[in-house]
Amino acid sequence: MTCFKCYYAYPTFGCHDSEGLSMIILKDTKASLRASILFCFNPASIFYTSIYSESLYALFSIGGVYHWFSGAQSTAVLWLAVSGLARSNGMLNAGYICFHTMLRLYEALIYKKRTSLALQVLAVGILCCLFIFVPFVSFQAFGYYNMCHGQHFDDIRPWCRGRIPTMYNYIQAHYWGVGFLKYFHLKQMPNFLLASPILTLTLCLILTYARTWSKLLFSLGFQASLEEMCAEFLLRPVTYLRAKTYSPDNMSSNDTEPRHLRRRKQMIGRAKPSTQVKENKLLDESPYLSASIFPFIVHLGFMGATAFFVMHVQVATRFLSASAPLYWFAAYLMISPSSRRWGYLIWAYCSAYILLGSLLFPNFYPFT
61 MTCFKCYYAY PTFGCHDSEG LSMIILKDTK ASLRASILFC FNPASIFYTS
111 IYSESLYALF SIGGVYHWFS GAQSTAVLWL AVSGLARSNG MLNAGYICFH
161 TMLRLYEALI YKKRTSLALQ VLAVGILCCL FIFVPFVSFQ AFGYYNMCHG
211 QHFDDIRPWC RGRIPTMYNY IQAHYWGVGF LKYFHLKQMP NFLLASPILT
261 LTLCLILTYA RTWSKLLFSL GFQASLEEMC AEFLLRPVTY LRAKTYSPDN
311 MSSNDTEPRH LRRRKQMIGR AKPSTQVKEN KLLDESPYLS ASIFPFIVHL
361 GFMGATAFFV MHVQVATRFL SASAPLYWFA AYLMISPSSR RWGYLIWAYC
411 SAYILLGSLL FPNFYPFT
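When we follow the working numbering, the leftmost residue of the sequence shown carries the number 61, and every step to the right adds one.
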């Protein structure tokens, strides 16, 4: 995203990587710009303009995913691991690597029939995921060593006796009341209302994607053909695809569309009349609801469900603020003629929360 509000020490890297990720997924300069502007004025902006962990997490999370989709896997794993240092939910970014590994395994076993290649892909995927988990595990081990190791059994904290001793989970559960459905009380209704806009946008995005790509969603991403996954930058390095897709050989003299989109339109032209309207609509929405967004949807869905059912729900506004699909989908709503008024509501929501957050947060009032 062009206007990425990066952590103070890394402005250039964050702006470049976030813009690159939007371009890779959306393949549309104007759409990327719209999403970038939306992110610049997101409802959790107060946390991005102060020294807070959200901005650092967003920098390394979005940057890591960008490098992964660009083919720079070593750099991506390092960035994603650092995102886990900023916030513990950075470990969830390993899901992108797991999804990519599953696709590569499917390609190696089903298409190429190469067991050795499948084992190699599996080993690399496991090592990458383990590396992302290292910062979180190291922090827990550090806490256990300092607070539990060498202490008398009767003097140690209760979390030290746990099967998996994690001090932060104990603090959240014991002192903050964090847990499944523990926040569902009538007195918390204002906090649910405070988080309702971001949760509603998340739910609408997931339902829209499920309606458009229902088979893909319920098949865990395997329904799409291998060729389409390659065209969506899931299996090949972006540098290769960019050179191949946008080279003069792949462009006609009067058409600037990538070849894989023209080929998809030709396939739709041969489709049954009953599916013609649905497929044409899908083509119109493809920059925002393409197959490549599937792992982002799963990631966002898990985080949204966690925020609603487990966490203090008002935290959802900043907890989900680094999720790129929200801004891609909001940009889609703004340019869609049938839902343009929802775009105005999104702008009003962002503006109101920027003002509200600027007043409440510096004065230590509860805001997300």
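Don't be surprised by glycine CBs; every beta carbon is placed ideally from N, CA and C.
Quick caveat, the model's predicted, so the values are computed rather than measured.
What's the C-alpha gap between residue i and residue j?
i, j, result
"residue 272", "residue 221", "48 Å"
"residue 250", "residue 425", "14 Å"
"residue 117", "residue 146", "5 Å"
"residue 210", "residue 234", "24 Å"
"residue 423", "residue 417", "10 Å"
"residue 392", "residue 109", "26 Å"
"residue 389", "residue 353", "11 Å"
"residue 375", "residue 208", "30 Å"
"residue 405", "residue 168", "46 Å"
"residue 275", "residue 351", "11 Å"
"residue 339", "residue 349", "A caution first: residue 339 carries a pLDDT of 41, below 50, which makes its placement in the model unreliable, though a value can still be read off. Cα to Cα, the separation comes out at about 13 Å."
"residue 259", "residue 84", "26 Å"
"residue 414", "residue 105", "6 Å"
"residue 261", "residue 255", "10 Å"
"residue 219", "residue 202", "14 Å"
"residue 200", "residue 179", "31 Å"
"residue 129", "residue 264", "26 Å"
"residue 420", "residue 244", "24 Å"
"residue 241", "residue 232", "14 Å"
"residue 328", "residue 356", "The pLDDT assigned to residue 328 is 39, lower than 50, so where the model puts this residue is not dependable; a value taken from the coordinates is nonetheless given after this. C-alpha separation (whole angstroms): 26 Å."
"residue 171", "residue 181", "14 Å"
"residue 156", "residue 125", "8 Å"
"residue 141", "residue 196", "9 Å"
"residue 143", "residue 188", "14 Å"
"residue 248", "residue 139", "36 Å"
"residue 371", "residue 177", "41 Å"
"residue 226", "residue 217", "11 Å"
"residue 132", "residue 123", "11 Å"
"residue 373", "residue 194", "28 Å"
"residue 278", "residue 358", "11 Å"
Within 10 angstroms of the Cβ of residue i, are there 16 or more other Cβ atoms? Answer buried if so, exposed if not.
i, result
"residue 151", "buried"
"residue 267", "exposed"
"residue 269", "buried"
"residue 86", "buried"
"residue 237", "exposed"
"residue 153", "buried"
"residue 378", "buried"
"residue 127", "buried"
"residue 257", "buried"
"residue 437", "A question about residue 437 goes unanswered here, because the residues of the chain that appear run from 61 up to 428."
"residue 89", "exposed"
"residue 94", "buried"
"residue 212", "exposed"
"residue 205", "exposed"
"residue 395", "exposed"
"residue 107", "buried"
"residue 224", "exposed"
"residue 82", "buried"
"residue 192", "buried"
I'd like the span of the alpha helix (DSSP H) that includes residue i, first residue to last.
i, result
"residue 216", "Note, residue 216: premise wrong, no alpha helix (DSSP H); not H, not E."
"residue 407", "400 to 420"
"residue 263", "249 to 272"
"residue 388", "384 to 395"
"residue 227", "227 to 235"
"residue 115", "113 to 130"
"residue 93", "89 to 100"
"residue 137", "133 to 146"
"residue 189", "175 to 207"
"residue 362", "354 to 369"
"residue 243", "From DSSP, residue 243 is part of no alpha helix (DSSP H); its letter is neither H nor E."
"residue 163", "154 to 166"
"residue 105", "105 to 108"
"residue 376", "376 to 379"
Using a Cβ-based criterion (distance less than 7 Å to any ligand heavy atom), does residue i qualify as near the ligand ZN?
i, result
"residue 118", "As far as ligands go, the structure on display features none, and thus does not contain the ligand ZN."
Would you verify that the beta carbon of residue i is, or is not, closer than 8 Å to some beta carbon of chain C?
i, result
"residue 92", "In the displayed structure, chain C is absent; only one protein chain is listed."
Touching or not, the stretch 381 to 393 and the stretch 97 to 117, by the rule of three or more beta carbon pairs under 8 Å?
yes
Can you confirm whether the stretch 356 to 371 touches the stretch 399 to 407 when touching is taken to mean that 3 or more C-beta pairs between the two stretches lie within less than 8 Å?
no
Pairing CB atoms from the stretch 106 to 122 with CB atoms from the stretch 159 to 173, are three or more of them under 8 Å?
no
State whether the stretch 116 to 134 contacts the stretch 406 to 414, with contact taken as three or more CB pairs (one from each stretch) at a distance under 8 Å.
no
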